[in-house]
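Counting along the sequence shown from 1, when you hit position 20 you're at 20 in this note's numbering, and nothing is skipped either side. We treat Cβ as the ideally placed atom computed from N, Cα and C, and that holds for glycine.
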Amino acid sequence: MDFGLVLQTDPPASRVVALMRRAERNGFRYGWTFDSAVLWQEPFVIHSRILEHTARLTVGPMVTNPGTRAWEVTASTFATLNDMYGNRTVCGIGRGDSAMRVAGRRPNTLARLADAITAIRDLAEGREAVVDGTPIRIPWVRNGKLPVWMAAYGPKALALAGQKADGFILQLADPFLTEWMVKAVREAARDAGRDPDALTVCVAAPAYVTADDSPEALAHARDQCRWFGGMVGNHVADLVARYGEHSDLVPEALTAYIKDRRGYDYSHHGRAGNPSTDFVPDEIVNRFCLLGPAEAHVDKLRSLRDLGVDQFAVYAMHDAEEAAIDAYGSHVIPQLG
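Shown next as structure tokens:
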């Protein structure tokens, strides 16, 4: 199993770079950042510094979207980084949540996302692609390689990930939902004539390592990670709006917890103490995140690995970033990496 670190690009950028270097020293193989131009600093500028100051880390956004950036610009950016640092990037992409909504736009349609996945990958790898009806090619790309991994939750998005993407990003660590979603993605790949086992599966969630499993330690860990249930809840709310509160297409294990959700303030997006996430119950935090002593993390990650998960990406937006990175490096990665 591979491991990744996911960070917001809060200033100073030097701290983001330092944490990624720390992650590489601890055995992490991937470095991911949020991509929301209004809320945080420009990730691709910081990606260049991360790549310069690491030797093996593969770097990318979790996730970009096809609405806030022109596709040829996205492709050229990845291709430039690859030319400079040797094909060490990955494109995480989705419909767009905070990046689109903060700017007053709706998330992209799945049809637009499907076209973007193909175009960005083809352009970054030196092939011709059609963008807004015009065939274009980036002439200077040589031996470029850009895997495109798609984030998804709902049945149509899961199907698209299986049909088009090189990898699937699932932003929660609940084994029941992971099994359901990975199965859906792989079935879609098989139905599309693709090798389902060739898709990389990445689960991303907050991980908070405690010294023990006392009620006090676990309560603090939950409070530091409750924001994640609110972030996932934005996507779940879209699913409920599309499919209804009770649907055979979406498990109630995913949708039931947002019944008391009342709006969302993106100024606190992805941050511990987010006041918009008080509706998230303890059970959801326990299910969606990894909490407790290091051995509890190892146990849950083994169950996820058995379900076909290839990478676990640690969201480290809490008050113990360095401690979590170091604990994974000393206790978790050696047992699973």
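Option in the options with minimal Cα separation from residue i
i: Pro196; options: Val250, Ile120, Met181 and Asn87; result: Met181
i: Val141; options: Trp40, Asn82 and Met100; result: Asn82
i: Ala116; options: Val280, Arg271 and Met150; result: Met150
i: Arg25; options: Ala241, Thr54 and Glu42; result: Thr54
i: Gly263; options: Asn87, His235, Glu245 and Ile284; result: His235
i: Ala294; options: His331, Asp174 and Cys225; result: His331
i: Gly355; options: Pro135, Ile120 and Ala165; result: The chain is shown from 1 up to 337; residue 355 falls before or after that span and cannot be answered.
i: Ala165; options: Gln224, Gly233, Leu177 and Val90; result: Val90
i: Gly175; options: Ala320, His47 and Cys289; result: The amino acid at residue 175 is misidentified as Gly; the sequence shows Pro. Per the Cα distances, Cys289.
i: Leu199; options: Ala237, Pro147 and Ala253; result: Pro147
i: Glu216; options: Gly292, Ala323, His47 and Ser303; result: Gly292
i: Ile169; options: Val63, Ser303 and Ala296; result: Val63
i: Arg69; options: Glu283, Ser48 and Ala99; result: Ala99
i: Gln339; options: Ala114, Asp282, Ala327 and Phe34; result: With the chain covering 1 to 337 only, the question about residue 339 has no answer from this structure.
Contacting residues, own chain, Cβ-Cβ under 7 Å from residue i (five flanking each side not counted)
i: Leu239; result: Tyr153, Gly154, Val250 and Thr255
i: Asn274; result: Trp227, Gly230 and His268
i: Ile50; result: Val17, Met20, Gly31, Leu57 and Val59
Buried versus exposed, by CB contacts within 10 Å (16 or more), residue i
i: Met231; result: buried
i: Val45; result: exposed
i: Ser14; result: exposed
i: Thr277; result: buried
i: Gly104; result: exposed
i: Asp212; result: exposed
i: Ser36; result: buried
i: Thr178; result: buried
i: Pro66; result: buried
i: Val130; result: exposed
i: His246; result: exposed
i: Met84; result: exposed
i: Gly244; result: exposed
Contacting residues, own chain, Cβ-Cβ under 8 Å from residue i (five flanking each side not counted)
i: Ile138; result: Glu72, Ala75, Ser76, Ala79, Leu123, Ala124 and Gly126
Residues near residue i in its chain [Cβ-Cβ closer than 6 Å; skip 5 each side]
i: Phe279; result: Asp260 and Arg261
i: Gly162; result: Val185, Ala188 and Ala189
i: Leu336; result: Met1 and Leu301
i: Pro206; result: Cys225, Phe228, Cys289 and Tyr315
i: Val309; result: Val201 and Val203
i: Arg29; result: Asp2
i: Val209; result: Ala294, Ala324 and Ala327
Cβ-Cβ separation, residue j to residue i (assumed contact under 8 Å), whole Å
i: Val6; j: Val102; result: Not a contact, Cβ separation roughly 19 Å.
i: Thr185; j: Leu218; result: A small fix is needed here, since residue 185 is Val in this sequence, not Thr. Going by Cβ atoms, the distance from Val185 to Leu218 rounds to 32 Å, so no, they are not a contact pair.
i: Pro61; j: Gly96; result: Not quite, the Cβ-Cβ distance comes to about 11 Å (not below 8 Å), so this is no contact.
CB contact check: residue i to chain D, cutoff 8 Å
i: Leu249; result: No chain D is part of this structure, which consists of one protein chain only.
Contact test: residue i Cβ vs the ligand COA heavy atom, cutoff 7 Å
i: Ala211; result: Absent from the structure shown: the ligand COA. Ligands present: none.
query: What residue ranges within the segment 78-109 form continuous alpha helix (DSSP H) runs of no fewer than 4 residues, ordered along the chain?
result: DSSP runs (the alpha helix (DSSP H)) wholly in the segment 78-109: 98-101.
field: Whole alpha helix (DSSP H) elements within the segment 158-194, 4-residue minimum
entry: The qualifying runs are 175-191.
message: Quick check for students: name the residue ranges of the alpha helix (DSSP H) that lie wholly in the segment 215-272, counting only runs of 4 or more.
response: The qualifying runs are 215-225, 227-243 and 252-255.
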